[in-house]
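*Asks:* Provided herewith is a single structure, encoded as structure tokens, for subsequent inquiry.
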Amino acid sequence: MNILSSVFRFLFAIVFLGFLCLSNFNQVLYAQTTSSADLSSLISEIEIKGTSDLESSQILFLIESQVGEPLSRKAVRRDIHSIYQMKLFEDVQAEVKLQDFEESGAKGYLLRFVVKERPRLSEVKLVGVMLVERTEIEEKMTLVQYDPFDQEKIAVNEQIILEYYRSEGYSGVRVKSKVEAVESSLESEGKKFRVVFEMEEKPRVYLSDIYISGTKFYSELDIKRFILSSEIDCVAWANQSGLFREEMINQDLSLITQHYLKNGFIKVFIEKPDVTLIHNPDYSRVDVRLNITEGDQYYSGKISVSGDILGEKEKLTEGLLLEEGEIYNPFLQNRDRSGIS
Numbered sequence: 008m009n010i011l012s013s014v015f016r017f018l019f020a021i022v023f024l025g026f027l028c029l030s031n032f033n034q035v036l037y038a039q040t041t042s043s044a045d046l047s048s049l050i051s052e053i054e055i056k057g058t059s060d061l062e063s064s065q066i067l068f069l070i071e072s073q074v075g076e077p078l079s080r081k082a083v084r085r086d087i088h089s090i091y092q093m094k095l096f097e098d099v100q101a102e103v104k105l106q107d108f109e110e111s112g113a114k115g116y117l118l119r120f121v122v123k124e125r126p127r128l129s130e131v132k133l134v135g136v137m138l139v140e141r142t143e144i145e146e147k148m149t150l151v152q153y154d155p156f157d158q159e160k161i162a163v164n165e166q167i168i169l170e171y172y173r174s175e176g177y178s179g180v181r182v183k184s185k186v187e188a189v190e191s192s193l194e195s196e197g198k199k200f201r202v203v204f205e206m207e208e209k210p211r212v213y214l215s216d217i218y219i220s221g222t223k224f225y226s227e228l229d230i231k232r233f234i235l236s237s238e239i240d241c242v243a244w245a246n247q248s249g250l251f252r253e254e255m256i257n258q259d260l261s262l263i264t265q266h267y268l269k270n271g272f273i274k275v276f277i278e279k280p281d282v283t284l285i286h287n288p289d290y291s292r293v294d295v296r297l298n299i300t301e302g303d304q305y306y307s308g309k310i311s312v313s314g315d316i317l318g319e320k321e322k323l324t325e326g327l328l329l330e331e332g333e334i335y336n337p338f339l340q341n342r343d344r345s346g347i348s
């Protein structure tokens with residue numbers, strides 16, 4: 008019986024030792040496999056191809072993927088998007104290559120971004136500029152030599168030229184832009200382009216008459232005194248008075264509305280200006296007609312302060328700019344509201 012018990016204990020010990028050895032072997036094998044897999048999934052090198060060293064440095068600073076970190080498809084996709092957002096390249100691709108370092112036995116991924124630069128701006132030409140100073144236009148433009156191709160920026164500069172002409176009284180001018188390819192003498196310089204702005208100039212437009220109708224509180228002369236636009240006079244050639252500027256007419260409508268509101272006409276309405284353009288060989292002139300519906304004039308009624316009040320109500324009421332029985336002014340009401348709060 009004792010012999011049988013000893014045999015069982017011996018067999019149990021052998022089985023236990025075997026299980027223990029197998030467990031340790033699996034742990035070592037698992038650790039080695041995990042370590043090898045972790046090392047092989049890391050980024051060992053990042054390359055930028057297709058652009059200058061300066062822009063390569065900008066890309067390396069911008070991207071999310073970094074050497075020594077695990078390779079991530081999502082991060083690479085975000086990096087491609089970030090590089091596109093620089094607006095310097097028309098094509099961006101990512102390449103991945105597994106590297107095997109024989110000396111150390113380590114493995115890692117080479118992550119390479121291959122970019123294709125947009126054509127660079129070589130020259131800006133202004134064609135048809137006769138009535139204004141060419142240098143004045145050039146100083147206002149934002150296109151700079153070696154800028155990458157950007158259609159949106161070209162359109163913005165087209166608008167800059169147009170607005171400059173209008174500010175000088177040439178509201179009838181037309182501006183068109185076109186892009187031309189430029190051959191590079193060296194292949195390393197990459198593609199180049201020029202932008203040509205073609206001007207179709209028209210004579211200046213003068214504001215000959217402003218007609219105002221529908222008013223009772225203000226006379227036509229009163230309104231002409233506080234608006235910005237002025238009619239052409241005998242010295243217009245010297246001081247450029249009387250030039251028609253569309254943006255100034257819009258400012259005038261706002262000024263007229265404000266003057267009426269300050270005097271209690273809170274329902275004032277100004278119809279869309281009726282503009283008549285009359286062409287002449289040397290210059291054009293414009294007649295502007297404004298029809299104003301004044302509405303009723305309002306006065307302030309009882310004025311009170313309520314709600315969560317800090318301090319005495321009487322003192323707050325005494326300090327208000329808006330006064331009971333006086334002409335209602337919404338601008339004073341806004342100032343009172345700001346002062347209380």
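Per this note's numbering, residue 8 is the first one in the sequence shown, and the count goes up by one each step. Glycine is no exception: its CB is placed at the ideal position from the N, C-alpha and C atoms.
(1) Tell me which residues share the same chain as Ala82 and place their Cβ nearer than 6 Å to its Cβ, disregarding the 5 neighbours each side in the sequence.
(2) Note down, one range per segment and in chain order, each beta strand (DSSP E) of at least 3 residues found wholly within the region 87–134.
(3) When the distance is taken between beta carbons, is Val295 closer than 8 Å to Ile217?
(4) Where does Asp98 land, buried or exposed, given buried means 16+ other C-beta within 10 angstroms?
(5) Can you tell me which of Ser174, Arg125, Val103 puts its alpha carbon nearest to the alpha carbon of Leu117?
(6) By DSSP's criteria, Phe204 is part of a beta bridge. Which residues make up the other side?
(7) Do Val203 and Lys223 have their CB atoms nearer than 8 Å?
(8) Please report how far the alpha carbon of Pro155 lies from the alpha carbon of Phe96, in whole angstroms.
(9) Is it buried or exposed, Thr58, if we count other Cβ atoms within 10 angstroms and call 16 or more buried?
(10) So, using beta-carbon positions, are Glu333 and Ser307 closer together than 8 Å?
(11) Return the bridge partner residues of Ile168 from the DSSP annotation.
(12) Would you report the Cα separation of Gly326 and Tyr305, rounded to the nearest angstrom?
(13) Skipping 5 residues on each side, what residues in its chain have a beta carbon closer than 6 Å to that of Gly115?
(14) I need the DSSP call for Glu54, collapsed to helix, strand or coil.
(15) Check the DSSP bridge columns for Asn298 and list the partner residues they point to.
(16) Leu138 bridges to which residues according to DSSP?
(17) State the DSSP-derived secondary structure class of Leu339, mapped to helix, strand or coil.
*Replies:* Reading off the structure:
(1) Once the five neighbours on either side are set aside, the close Cβ partners of Ala82 are Glu71, Ser72.
(2) Note on the region 87–134: whole beta strand (DSSP E) runs with a minimum of 3 residues are 96–107, 114–124, 127–134, in chain order.
(3) In terms of Cβ geometry, Ile217 and Val295 form a close pair [threshold 8 Å].
(4) Per the 10 Å Cβ criterion, exposed.
(5) Checked all of Ser174, Arg125, Val103; the closest Cα to Leu117 is Val103.
(6) According to DSSP, which records beta bridges pairwise, Phe204 is partnered with Leu133, Ser184.
(7) No, the Cβ-Cβ distance between Val203 and Lys223 is not below 8 Å.
(8) Those two C-alpha atoms are separated by around 8 Å.
(9) It is buried - the Cβ of Thr58 has at least 16 other Cβ atoms within 10 Å.
(10) At a Cβ-Cβ threshold of 8 Å, Glu333 and Ser307 count as neighbours.
(11) The bridge partners DSSP lists for Ile168 come to none.
(12) Roughly 22 Å separates the two Cα atoms.
(13) Around Gly115, the same chain offers Leu49, Ser51, Gln106 as residues with beta carbons nearer than 6 Å, after the five sequence neighbours per side are excluded.
(14) Residue state for Glu54 is assigned as strand, using DSSP reduced to three classes.
(15) In the DSSP assignment, the residues bridged to Asn298 are Ser220.
(16) Leu138 pairs with nothing; no bridge assigned.
(17) Residue state, collapsed to three classes: helix.
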